[in-house]
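The opening residue of the sequence shown carries number 858 in this note's numbering; numbering runs sequentially from there. Glycine residues also receive a C-beta, built at the ideal position from the N, C-alpha and C atoms. Bear in mind that the values here come from a model prediction, so they are computed numbers and not experimental data. Below is one structure, written out as structure tokens; the observations come after it.
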Amino acid sequence: MNDYDALLQSVSAIAEQMQELQAVAVTQYTPIVETIIVTRSRDVRQIEQTLDGLLDFCGHEQALLLYRRLCRHYFDIDPAATAGYINAYRELWDTEETDGEA
């Protein structure tokens, strides 16, 4: 195995671990988001902590869906703060190919 093959194998392993981590995050954040929405929670601290945590995983489609649902809920509570979270998502995750999709 040459250096290129070793590097490629290493990068592939890291990508696989990231996908696994994203799936775990969705599993852990789903009940939190569901509880916030179902109970119509207005606990700004909990909502913002959840959005902050989810933002790191928005490259995973299911995490993005949770993030968007929670943003919609939060918009009725604090539209300005929600706009900040939408902008944070766009700065971190949007590319020219996905502009306007989120």
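Whether residue i touches residue j by CB criterion (7 Å)
i	j	result
ILE934	ARG899	yes
ILE904	TYR931	yes
LEU923	VAL895	no
LEU927	LEU912	no
Residue interval of the alpha helix (DSSP H) (run including residue i)
i	result
GLY941	936–950
SER867	860–895
ASP909	901–912
CYS928	918–932
Close-in-space but distant-in-sequence residues of the same chain around residue i (CB under 7 Å, 5 per side omitted)
i	result
ALA882	PHE914 and ALA920
Sequence-distant residues of the same chain with beta carbon closer than 6 Å to residue i, five excluded per side
i	result
HIS917	GLN879
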